[in-house]
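Peer 1: Right, I'll just put the structure down here and ask away after.
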Amino acid sequence: MMQTIWQPNSAVANELKALKPYLAANVKIDNAAINQRVHQLLAAGGKFLRPGFFYLFSQFGTEHDSVRLQAGAAAMELLHVATLIHDDVIDESPERRHVTTIHQDYGQRNAIYAGDLLFTCYFDQVLIAAKSADDIRINTAAMRAILQGELDQMSHNYDPTTTVDDYLAIARGKTARLFSLSCEQGAHFAAAPENVVKLAQQIGERLGLAYQMLDDVLDFAGDEALTQKPVLNDLKDGVYSLPLIYALTADPNLATILPQPGDKISNEHLLMIRDQVIALGGVTQAQQLATHYTKTALNLIDQLPAGETQQTIRRLVTELLVRNH
Numbered sequence: 193m194m195q196t197i198w199q200p201n202s203a204v205a206n207e208l209k210a211l212k213p214y215l216a217a218n219v220k221i222d223n224a225a226i227n228q229r230v231h232q233l234l235a236a237g238g239k240f241l242r243p244g245f246f247y248l249f250s251q252f253g254t255e256h257d258s259v260r261l262q263a264g265a266a267a268m269e270l271l272h273v274a275t276l277i278h279d280d281v282i283d284e285s286p287e288r289r290h291v292t293t294i295h296q297d298y299g300q301r302n303a304i305y306a307g308d309l310l311f312t313c314y315f316d317q318v319l320i321a322a323k324s325a326d327d328i329r330i331n332t333a334a335m336r337a338i339l340q341g342e343l344d345q346m347s348h349n350y351d352p353t354t355t356v357d358d359y360l361a362i363a364r365g366k367t368a369r370l371f372s373l374s375c376e377q378g379a380h381f382a383a384a385p386e387n388v389v390k391l392a393q394q395i396g397e398r399l400g401l402a403y404q405m406l407d408d409v410l411d412f413a414g415d416e417a418l419t420q421k422p423v424l425n426d427l428k429d430g431v432y433s434l435p436l437i438y439a440l441t442a443d444p445n446l447a448t449i450l451p452q453p454g455d456k457i458s459n460e461h462l463l464m465i466r467d468q469v470i471a472l473g474g475v476t477q478a479q480q481l482a483t484h485y486t487k488t489a490l491n492l493i494d495q496l497p498a499g500e501t502q503q504t505i506r507r508l509v510t511e512l513l514v515r516n517h
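Counting in our numbering, the sequence shown runs from 193 upward without gaps.
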């Protein structure tokens with residue numbers, strides 16, 4: 193079920209409601225068991241943020257080809273879900289959107305192939321939406337940046353010397369790039385003015401960075417029942433997210449008690465580290481940086497054409513900053 197961030201019966205909510213059966217009809221995997229699990233994941237939905245922002249920014253355009261826009265929105269969600277399937281393998285997550293992860297039941301190899309197949313479905317939709325070869329190039333470059341961001345993160349795992357600049361470079365790739373692509377492509381495929389397309393890209397990047405930072409905050413200070421995923425997961429896996437980086441800057445000796453590759457860490461030990469990260473101001477500083485990027489996004493939103501769409505984008509960006517899941 194799609195989470196209720198979108199106002200019921202709004203144009204975007206109706207577009208997203210129609211997107212779900214479209215995704216189901218356009219994702220076909222010959223392996224019946226894997227196909228069923230992927231379809232369960234797609235049907236379970238999430239916030240549908242990326243296709244939702246795609247549709248929102250399309251409202252600034254003058255061309256509303258429903259086929260092209262639906263394919264473009266579907267492409268954004270398929271690229272997102274493909275990366276989630278791969279993330280679940282890396283994180284060894286048992287569940288996603290209340291659905292048992294593919295690797296949990298069918299093994300890592302099958303899960304990786306399923307994610308790869310969704311990448312091909314993503315490009316199928318890009319080909320439908322594209323106006324020119326340049327559109328395909330933009331999507332290819334975005335996918336490359338997203339995957340490079342994931343690889344860059346892995347290269348910094350268990351590295352206490354990771355800096356805020358390192359973190360920002362990773363977050364721009366693995367999270368913010370898809371947000372910026374979604375906003376930009378929605379405006380572009382609807383033939384919005386060039387200055388709006390550029391603003392859409394900039395707003396999406398700032399939104400994506402703030403969103404990732406708040407995700408990192410929730411990994412340390414969130415309620416597992418609300419986030420629907422295990423807290424302290426990054427810490428356990430050696431991913432040095434923003435609150436931990438700030439805490440290490442305040443006290444480098446914290447590195448001596450952090451998990452090392454192959455360690456079997458008790459929940460009690462993880463909670464002790466969490467308490468120290470909070471006490472050292474890591475969570476507070478991460479929240480402050482997320483607020484900074486959110487305010488930057490809001491300043492850019494103020495430059496969009498005035499009206500209901502602009503105000504809806506402003507409301508959503510503000511709500512996403514204070515979310516608890």
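We put the CB at the ideal spot given by N, CA and C, even for glycine.
Quick check: what's the CA-CA separation for V509 versus L490?
Peer 2: Spanning the alpha carbons of V509 and L490 requires a straight line of approximately 8 Å.
Peer 1: Between which two residues does the alpha helix (DSSP H) carrying R466 extend?
Peer 2: 459–471
Peer 1: Is the Cβ-Cβ distance between Y314 and L261 less than 8 Å?
Peer 2: no
Peer 1: What's the C-alpha gap between I221 and L339?
Peer 2: 22 Å
Peer 1: Return the chain-ordered ranges of every alpha helix (DSSP H) run that is complete within the region 261–333 and spans a minimum of 4 residues.
Peer 2: For the region 261–333, whole alpha helix (DSSP H) runs of length 4 or above, ordered along the chain, are 294–298, 300–321.
Peer 1: Leaving aside the five residues before and after V409 along the sequence, list all residues of the same chain whose C-beta is less than 8 Å from its C-beta, in chain order.
Peer 2: Correct list, in chain order: L434, P435, V475, A478, Q479, A482.
Peer 1: To the nearest angstrom, how far is it from the Cα of C375 to the Cα of Q393?
Peer 2: 6 Å
Peer 1: Here's a check: name, in chain order, each residue in its chain whose Cβ is nearer than 7 Å to the Cβ of R507, leaving out the five neighbours to either side.
Peer 2: Excluding the 5 residues flanking it on each side, R507 has no same chain C-beta neighbour closer than 7 Å.
Peer 1: Take A442 and list the residues in its own chain whose beta-carbon comes closer than 8 Å to its own, dropping the five residues that flank it on each side.
Peer 2: L472, G473, G474
Peer 1: Could you pull the start and end residues of the alpha helix (DSSP H) that Y432 belongs to?
Peer 2: No alpha helix (DSSP H) holds Y432; DSSP gives it neither H nor E.
Peer 1: So, at 6 Å on beta carbons, what are the nonlocal neighbours of R229 in its own chain, with the 5 sequence-adjacent residues on each side left out?
Peer 2: I294
Peer 1: Can Q300 and V281 be called in contact, C-beta distance under 8 Å?
Peer 2: yes
Peer 1: Give the DSSP-derived three-state secondary structure of D494 in the structure shown.
Peer 2: coil
Peer 1: Looking at the structure shown, is T419 part of a helix, part of a strand, or coil, going by DSSP?
Peer 2: Unreliable positioning characterises T419 in this predicted model, as indicated by a pLDDT of 47, which lies under 50. A coordinate reading is not provided.
Peer 1: Would you report the Cα separation of L512 and M405, rounded to the nearest angstrom?
Peer 2: 11 Å
Peer 1: Does the region 252–268 come within contact of the region 318–331, defined as at least 3 CB pairs closer than 8 Å?
Peer 2: yes
Peer 1: Classify H256 as helix, strand or coil using the three-state DSSP reduction.
Peer 2: The three-state secondary structure of H256, taken from DSSP, is coil.
Peer 1: Is A334 near L309, with beta carbons less than 8 Å apart?
Peer 2: It is not a contact, given that the beta carbons lie outside the stated cut-off.
Peer 1: Can you give the Cα-Cα distance for T354 and P451, rounded to whole angstroms?
Peer 2: 15 Å
Peer 1: In chain order, what residues of the same chain lie with their CB nearer than 8 Å to the CB of G499, ignoring the 5 residues before and after it?
Peer 2: none
Peer 1: Along the alpha helix (DSSP H) that carries V409, what are the first and last residues, could you check?
Peer 2: 386–413
Peer 1: Taking the alpha-carbon positions, what's the A217 to F252 distance?
Peer 2: 28 Å
Peer 1: Using the Cα positions of R364 and I493, report the straight-line distance between them to the nearest angstrom.
Peer 2: 19 Å
Peer 1: How long is the line joining the alpha carbons of T488 and R398, rounded to whole angstroms?
Peer 2: 7 Å
Peer 1: Buried or exposed for Q503, going by 16 or more other Cβ atoms inside 10 Å?
Peer 2: exposed
Peer 1: Can you tell me the Cα-Cα spacing of T520 and T312, whole angstroms?
Peer 2: Nothing can be reported for residue 520: it is not among the residues displayed for the chain, which extend from 193 to 517.
Peer 1: Are the beta-carbon atoms belonging to F240 and Q377 less than 8 Å from one another?
Peer 2: no
Peer 1: Does the beta-carbon of R466 have 16 or more other beta-carbons within 10 angstroms, so that it is buried, or is it exposed?
Peer 2: Classification of R466: buried, given that the 10 Å Cβ count is 16 or more.
Peer 1: Check this for me: beta carbons of E255 and A383, under 8 Å apart or not?
Peer 2: yes
Peer 1: Given that a residue counts as buried once 16 or more other Cβ atoms are within 10 Å of its Cβ, and exposed if not, what is Q199?
Peer 2: exposed
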